[in-house]
Amino acid sequence: MKKIFLIIPLALVLLVSCDREEFNSDNSIAVVEYPLANIASLKEAPYPIGGALTPNNLKNNAAYKQTVINEMTSMTSENAMKMANISRGRKQYFWDDVDYLVNFGIENKMRVHGHTLIWHNSTPAWITSFVGTKEDWKLIMKEYIQDVVGRYKGKIKSWDVVNEVIDDNGVLRESVWKKNIGEEFIALAFQYAHEADPDAILFYNEYGHEYSAARRLAVYQLAMKLKAENVPINGLGLQMHVPVTRSEADIRYAIFSAAKTGFKIHVSELDVALNPSLNKSFVLTNELLQQQKDVYRYAAKAMMELPVEQQYGITFWGVADPNSFLSSGPDFPAVFDFTYKRKPAYDGLLQGFYKK
Ligand code: G3I
1052 MKKIFLIIPL ALVLLVSCDR EEFNSDNSIA VVEYPLANIA SLKEAPYPIG GALTPNNLKN
1112 NAAYKQTVIN EMTSMTSENA MKMANISRGR KQYFWDDVDY LVNFGIENKM RVHGHTLIWH
1172 NSTPAWITSF VGTKEDWKLI MKEYIQDVVG RYKGKIKSWD VVNEVIDDNG VLRESVWKKN
1232 IGEEFIALAF QYAHEADPDA ILFYNEYGHE YSAARRLAVY QLAMKLKAEN VPINGLGLQM
1292 HVPVTRSEAD IRYAIFSAAK TGFKIHVSEL DVALNPSLNK SFVLTNELLQ QQKDVYRYAA
1352 KAMMELPVEQ QYGITFWGVA DPNSFLSSGP DFPAVFDFTY KRKPAYDGLL QGFYKK
């Protein structure tokens, strides 16, 4: 793995120039056409569309719950399925919120995606202070992954097995897992998850494909290495927390370059921030809502251009503006507004889904 990260500068130049060429020849921005939508709701979308949900909102906010039921065909959990929320000690688990979400998804015929098993940012205190050999560390990771994936076998259809292991320089991020197990913790996490549910679709989830060539390349290299080693990985999640200024080229390039791995592609945490600089006196305008519509449309359309078997779906990070993790910006990054009405972004998505 170390070698891979050492050759990044040269490989970056090669991959980027090669991608640019291919990008321009068959997906030129100039020829992207957006005919009028020929479907009327997200439920008719050609691939699953969902949101990151919280039990609290589903239990206490009728408009939120109804919007999810009316509009979504897939779902994940914003926080409840993270290790810091589930794991209360070795072999001690808090399942209530996960059970609630999984049951809600199944009752409403939604595809349930699990987010996320191994993330440096969600490590309970008992793990950060754990002392043991490499084998002990492998065992605690295996126990956790297999207890969680095993409990929801056949119910949670796919998992973000590993989340955000690449840092902004395109190198492997430091974490307790890397420190105590070594870089093989990534492959092992996939292997353990696969053993617990051989039918689960397993993703590596990452951010920044749309703005960083170094991150794109590092994800690509990691994915291809895992593939070459026959690690049971099936997909790449592209988070896509994007500002409204993100260009169509950037979004298409992110999706197409990840798809070169041949893996399923999940736009896994989509939101489009209107106030990324967190200006407290921000004013929402129709013009911004129209620009936001464009960005949602770019993502929907780029996904349409992938082979059908690679179109895993789009998941919004939240449901409506008031429950986005960005809402205190203030910001309005979602597809539904403060009254749960469809925003222009909704029509942008429908347009992006156009199919002859
Ligand atoms: O639930 C507690 C509450 O009881 C407590 O009073 C309050 C005090 O701060 O904290 C609440 O928990 C917060 C939780 O969100 C629910 O609001 C946590 O502190 C806070 O860290 C947590 O933030 C989440 C963050 O991941 C870290 O886990 C965000 O909601 C969530 O949107 C965000 O999602 C991540 C993805 O998992 C990975 N990709 C990036 C994305 C955005 O950062």
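Start counting the sequence shown at 1052; every next residue gets the next number (the working numbering).
For each residue, glycine too, the CB sits at the ideal point set by N, CA and C.
Under the DSSP definition of a beta bridge, which residues are partnered with residue i?
i	result
V1163	M1126, I1207
V1293	V1323
G1364	H1317
A1103	T1127
A1371	F1387
I1169	V1213
Q1341	None; Q1341 has no bridge partner.
I1223	The question names Ile, but residue 1223 in the sequence shown is Leu. Note: L1223 sits in a beta bridge opposite I1217.
N1256	N1214, G1288
R1393	F1387
Y1144	S1138
Is it true that the CB of residue j sits closer than 7 Å to the CB of residue i?
i	j	result
T1105	H1166	no
H1317	P1283	no
D1388	D1398	no
V1227	T1184	no
F1383	L1321	no
I1100	I1365	yes
I1090	F1333	no
N1256	D1211	yes
Y1098	Q1362	yes
L1253	N1281	no
D1248	V1200	yes
A1131	L1109	no
P1294	A1324	yes
A1269	I1232	no
I1196	L1223	no
V1386	K1394	yes
Y1203	V1370	no
L1357	A1310	yes
Y1349	E1299	yes
Once the 5 residues before and after residue i are set aside, which same chain residues still bring their CB inside 7 Å of it?
i	result
N1111	none
E1073	For E1073, the predicted model reports a pLDDT of 35, less than 50, meaning its position is unreliable; a value from the coordinates is still stated below. Closer than 7 Å at the Cβ level, and outside the excluded window around E1073, lies no residue.
K1345	In the sequence as displayed, the identity of residue 1345 is Asp instead of Lys. For D1345, where only same-chain residues beyond five positions count, the Cβ hits under 7 Å are G1399.
G1259	R1266
K1094	E1122, T1124
L1339	V1295, L1325
Please list, in chain order, all residues of the same chain as residue i whose beta carbon is under 6 Å from its beta carbon, the five residues on each side excluded.
i	result
D1301	E1261
E1129	A1103, T1105
K1352	G1403
N1075	The predicted position of N1075 is uncertain, since its pLDDT is 39 and thus under 50; a value taken from the coordinates is nonetheless stated next. Nothing listed; no residue qualifies.
G1156	M1126, V1163
R1139	F1145
P1413	Nothing can be reported for residue 1413: it is not among the residues displayed for the chain, which extend from 1052 to 1407.
M1355	none
A1096	F1404
D1198	none
G1380	N1326, L1329
According to the neighbour-count rule (16 or more other Cβ atoms, all chains shown, within 10 Å of its Cβ), is residue i buried or exposed?
i	result
R1162	buried
D1219	exposed
V1213	buried
E1215	buried
N1330	exposed
N1154	exposed
D1250	exposed
A1396	buried
L1239	buried
Q1242	buried
L1087	exposed
T1118	buried
F1145	exposed
S1079	Residue confidence for S1079 is low, a pLDDT of 49 falling below 50, so the modelled location carries little weight and cannot support an answer.
N1374	buried
Q1341	exposed
K1054	Reliability fails at K1054, whose pLDDT of 45 lies under 50, so the model's placement of it is uncertain and the value that follows must be treated cautiously. Exposed.
P1175	buried
S1092	exposed
L1401	buried
K1189	buried
G1205	exposed
S1068	A caution first: S1068 carries a pLDDT of 43, below 50, which makes its placement in the model unreliable, though a value can still be read off. By the 10 Å Cβ count, S1068 comes out exposed.
W1170	buried
Does any C-beta atom of chain C lie closer than 7 Å to the C-beta of residue i?
i	result
V1182	Any reference to chain C falls outside this structure, which holds one protein chain only.
Please return the same chain residues whose Cβ sits closer than 8 Å to the Cβ of residue i, not counting the five positions on each side in sequence.
i	result
T1312	Y1271, A1274, M1275, K1278, L1287
D1077	In this prediction, D1077 has a pLDDT of 42, which is less than 50 and means its spatial position is unreliable; nothing more can be read from the coordinates.
E1194	R1141, K1142
T1390	A1114
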